[in-house]
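The sequence shown begins at 609 in the working numbering and counts up one residue at a time.
Note that beta-carbon positions come from the ideal geometry of N, C-alpha and C, so glycine has one too.
A short worksheet on the structure shown next.
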Amino acid sequence: MYHFFSKRIVNIGLAYALVCLAMPVNAVTATVVPVEDLSAATPAVQAKTQKEIQQQNANAELFVMLESLQQELAQLRGQVEELSFKLRQMEQNQKDRYIDLDRRITNLNTQTAEAMAQTTAISANTQAVVVTNTAPVTPAVVEAAKPESDPAQQQADYKAAFNLIRTKDFEQAITALLKFVDDYPNGTLTGNAHYWLGEVYMVERDPEAAILQFSIVINQFPEHRKVPDALYKTGRAWINLGDNIKGQRMLEQVVNAYPESSAARLARELRQ
Numbered sequence: 609m610y611h612f613f614s615k616r617i618v619n620i621g622l623a624y625a626l627v628c629l630a631m632p633v634n635a636v637t638a639t640v641v642p643v644e645d646l647s648a649a650t651p652a653v654q655a656k657t658q659k660e661i662q663q664q665n666a667n668a669e670l671f672v673m674l675e676s677l678q679q680e681l682a683q684l685r686g687q688v689e690e691l692s693f694k695l696r697q698m699e700q701n702q703k704d705r706y707i708d709l710d711r712r713i714t715n716l717n718t719q720t721a722e723a724m725a726q727t728t729a730i731s732a733n734t735q736a737v738v739v740t741n742t743a744p745v746t747p748a749v750v751e752a753a754k755p756e757s758d759p760a761q762q763q764a765d766y767k768a769a770f771n772l773i774r775t776k777d778f779e780q781a782i783t784a785l786l787k788f789v790d791d792y793p794n795g796t797l798t799g800n801a802h803y804w805l806g807e808v809y810m811v812e813r814d815p816e817a818a819i820l821q822f823s824i825v826i827n828q829f830p831e832h833r834k835v836p837d838a839l840y841k842t843g844r845a846w847i848n849l850g851d852n853i854k855g856q857r858m859l860e861q862v863v864n865a866y867p868e869s870s871a872a873r874l875a876r877e878l879r880q
């Protein structure tokens, strides 16, 4: 659209220039020759006067055309300026999304370290139970439980997926995170993975998929630290979809349930 208007302005500018070249220097200020009685004039004078009248009429038509082109050119310039502003606004909004995502990635480092400590503790307890358990276990059961019982592999898989977010390879990040939540449905980092799936879907302008992932965090991991953020992001996603009623309902929920959270502060600002 922007290129269309730019090309249109160039075409009008060329037409404007051609009209200006076609007009004599005094065309704008020239006045139409008054009609006189030419019956007594010689044929040569009559022909010259008639030619002058025709030239003045042609100049008048060119002047009207010039005025029309000037008006259209001004309108197109205004539209181009408006489109340029909207384009800059869209670029800034996209930049803000990436900045917000980077900030959340940075904040997640501390949370990941705490989650890893929890994983280590669970692993120690699991190993103690395995040592004291002498009952035979079928290979199928062992194979099914292997991903959940290997915290080191779980951490490695999560970091690999998360690094894809860091490098903004969002398509591959979605694939890796979906595989992670499938491999570790009850893992200590599964709630985080669902939340970041929602964040990536928001960046990729897929609010429906984002709502699904945020809802999993809210409903399946109700004690997770990301629940307030998931509620807030769900509200934003609904608003992006044009459903302001559901969006405002989610924003109100995060304000009421987690009034001191940063998500509640953002929700209040969005509701204003």
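The criterion of a C-beta distance shorter than 8 Å is not satisfied by Ala-784 and Val-808. Judged by beta-carbon spacing, Tyr-803 lies within the 8 Å limit of Val-825, meaning their Cβ atoms are closer than that value.
Inclusion of Gln-821 and Leu-797 in the CB contact set at 8 Å is not warranted, their separation being larger than that value. When the beta-carbon positions are compared, Asp-765 and Asp-791 come within less than 8 Å of each other. Shown here, Thr-842 sits in a helix according to DSSP, grouped into three states. With respect to the 8 Å criterion, Ala-818 and Met-810 are classified as neighbours on the basis of their beta carbons. For Pro-815, the enclosing alpha helix (DSSP H) has its first and last residue at 815-828. In the three-state DSSP reduction, Leu-878 falls in the helix class (H, G or I).
Per DSSP, the unbroken alpha helix (DSSP H) holding Tyr-803 starts and ends at 798-811. The C-alpha of Gln-679 lies about 24 Å from the C-alpha of Leu-695.
Secondary structure at Leu-849: coil, using DSSP grouped into helix, strand and coil. Excluding its 5 nearest sequence neighbours in each direction, Ala-875 has C-beta neighbours in its own chain below 7 Å: Tyr-840, Gly-843, Leu-859, Val-862, Val-863, listed in chain order. Inclusion of His-832 and Gly-795 in the CB contact set at 8 Å is not warranted, their separation being larger than that value. When DSSP states are grouped into helix, strand and coil, Gly-686 belongs to the helix group. In the displayed model, Pro-651 falls within a helix according to three-state DSSP. Between the alpha carbons of Met-673 and Ala-666 lies a gap of roughly 11 Å. Distance from the CA atom of Glu-816 to the CA atom of Ser-869, rounded to whole angstroms, is 25 Å. Around the beta carbon of Pro-793, a 10 Å sphere encloses fewer than 16 other beta carbons of the protein chains shown; the residue is thus reported as exposed. Counting the other CB atoms within 10 Å of its CB gives Lys-834 a total of 16 or more, which places it among the buried residues. Between the alpha carbons of Gln-828 and Gln-880 lies a distance of about 30 Å.
Taking every protein chain shown into account, the CB of Pro-836 has 16 or more other CB atoms within 10 angstroms, so this residue is buried. Around the beta carbon of Phe-693, a 10 Å sphere encloses fewer than 16 other beta carbons of the protein chains shown; the residue is thus reported as exposed.
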